[in-house]
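Here is the structure we will look at.
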Amino acid sequence: MTWSPMYLIRWLHKWFGLVLGLQFLLWALSGAVMALLDHHKVSGEHALAPPAEIPAAASLLPLARVTDAAGQPITKLRLKPLYDSWVYEVTTPGGVKILNASTGEPIAIDAGKARELAVAGFTGYEPPKSVTYVAKPTLETRDLSLPVWRVEFADKERHALLVSATTGEVLAAKNDTWRLWDIAWMLHIMDYDDRQSFNHPLIVTLGTGAAWLALSGLILLFRSFRRSDVAWILDPLERIAERRRAKRTASLPAAAKDSRPQA
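Residue numbers (our numbering): 214 to 476.
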């Protein structure tokens with residue numbers, strides 16, 4: 214059996230189309246889902262309350278005493294509000310500590326404190342239904358600095374606020390809209406593990422196959438056309454060209470016409 218180049222292209226196009234057809238459908242459906250979902254709901258920004266305005270601290274602990282309270286050399290010091298009080302966020306070689314800005318007492322971000330901070334940072338009225346300590350990356354926490362407290366609320370969208378177990382800051386809000394978006398994102402980038410990479414070998418391979426499918430389809434498209442398929446375009450053009458040739462011939466001098474080669 215002799216395989217001509219066009220037969221080979223047609224054969225490869227058929228099988229590439231069969232293999233890639235399902236993935237094309239998944240790309241289209243997942244892309245449509247991501248485009249149709251409200252990006253404000255996906256980001257969860259509507260669930261995060263703005264920081265509360267609290268009065269300035271009546272008195273702040275002197276820096277020398279802050280150093281004593283930290284117990285280690287301070288590499289970074291930040292004064293910030295934490296819910297209803299001012300605190301020092303102290304960075305030392307041993308890590309980050311939160312100290313009361315007036316007394317220097319350390320503030321532990323435990324389950325109770327995380328619950329309090331999440332309730333203060335949530336715009337809804339439903340109570341928390343669970344508080345979970347997360348030390349290893351999960352789908353919801355994969356882009357965050359761990360450890361965090363996951364505080365889930367009993368609302369319809371199942372909002373979960375992620376509170377840093379180190380600094381007490383509310384880092385993000387996740388909900389069912391985000392979870393649906395994340396599934397669509399996974400299908401779209403074909404990263405079924407941590408859902409972050411969009412240039413892994415699988416998608417590069419299928420992307421290359423898709424490029425070949427498009428190119429071979431274009432070649433086959435042009436090869437499949439006959440003149441009769443485009444006669445509605447070519448016939449008027451040929452008539453126009455014929456009329457132009459006739460006009461040029463009519464405008465030639467008689468001597469020039471007589472000097473033309475005879476058929």
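In this text, a Cβ means the ideal position worked out from N, Cα and C, and glycines have one as well. These numbers were taken from a predicted model, which means no experiment stands behind them.
{"Asked": "Separation of Leu447 from Arg439, as counted between CA atoms", "Found": "11 Å"}
{"Asked": "Beta-carbon contacts of Asp389 that lie in its chain and below 7 Å, excluding the five residues immediately before and after", "Found": "Glu370 and Arg371"}
{"Asked": "Cβ shell of Ala314 (< 8 Å), same chain only, five flanking positions each side left out", "Found": "Ala270, Leu273, Leu274, Leu292, Ser298, Trp299, Val300 and Tyr301"}
{"Asked": "Paired residues, beta bridge with Gly308 - DSSP", "Found": "Thr305"}
{"Asked": "Cut-off 7 Å between Cβ atoms - residues of its own chain near Gly430, not counting five sequence neighbours on either side", "Found": "His226"}
{"Asked": "3-residue-minimum beta strand (DSSP E) runs that sit fully inside the region 262-342, ordered along the chain", "Found": "289-295, 298-305 and 308-313"}
{"Asked": "First and last residue of the uninterrupted beta strand (DSSP E) at Leu375", "Found": "Ala373 to Ser377"}
{"Asked": "Reduced DSSP category for His226 - H, G, I as helix; E, B as strand; rest coil", "Found": "helix"}
{"Asked": "Contacts around Arg426, its chain only, beta-carbon distance under 7 Å, and the 5 residues preceding and following it disregarded", "Found": "Per the sequence shown, the amino acid found at residue 426 is Leu instead of Arg. Excluding residues within five positions, the ones whose Cβ falls inside 7 Å are His226, Phe229, Gly230 and Leu233."}
{"Asked": "Residues bridged to Val364 (per DSSP)", "Found": "Val344 and Leu374"}
{"Asked": "Per DSSP, cross-strand counterpart(s) of Val383", "Found": "Val376"}
{"Asked": "Where Met485 falls, given that 16 or more other Cβ within 10 Å makes a residue buried", "Found": "Here the chain has residues from 214 to 476 only, and residue 485 is not among them."}
{"Asked": "Burial state of His401, where buried means 16 or more other Cβ atoms lie within 10 Å", "Found": "buried"}
{"Asked": "Simplified DSSP assignment, three categories, for Gly234", "Found": "helix"}
{"Asked": "Cα-Cα separation, Ala476 to Ile432", "Found": "Legend: pLDDT at Ala476 = 47, less than 50; position of this residue unreliable, no value from coordinates given."}
{"Asked": "Backbone secondary structure at Lys486 - three-state DSSP", "Found": "Past the boundaries of the shown model lies residue 486; the chain is included only from 214 to 476, so the question cannot be answered."}
{"Asked": "First through last residue of the alpha helix (DSSP H) which encompasses Thr201", "Found": "The structure shown does not extend to residue 201, since the chain is modelled only from 214 to 476, so the question has no answer here."}
{"Asked": "DSSP state of Leu439 mapped onto helix, strand, coil", "Found": "What sits at residue 439 in the sequence shown is Arg, not Leu. In this structure, Arg439 counts as coil in the three-state DSSP scheme."}
{"Asked": "Classification of Arg363 by the beta-carbon crowding that lies within 10 angstroms, buried from 16 upward", "Found": "buried"}
{"Asked": "For Trp445 and Thr462, the rounded distance between their alpha carbons", "Found": "27 Å"}
{"Asked": "Thr418 to Thr351 span [Cα, whole Å]", "Found": "27 Å"}
{"Asked": "Backbone CA spacing between Lys254 and Ala385 [nearest angstrom]", "Found": "12 Å"}
{"Asked": "Limits of the alpha helix (DSSP H) - the one that Thr462 falls within", "Found": "Ala444 to Ser464"}
{"Asked": "Enclosing alpha helix (DSSP H) for Lys254 [first to last residue]", "Found": "His252 to Ser256"}
{"Asked": "Alpha carbon of Ser343 to alpha carbon of Ala378, nearest angstrom", "Found": "16 Å"}
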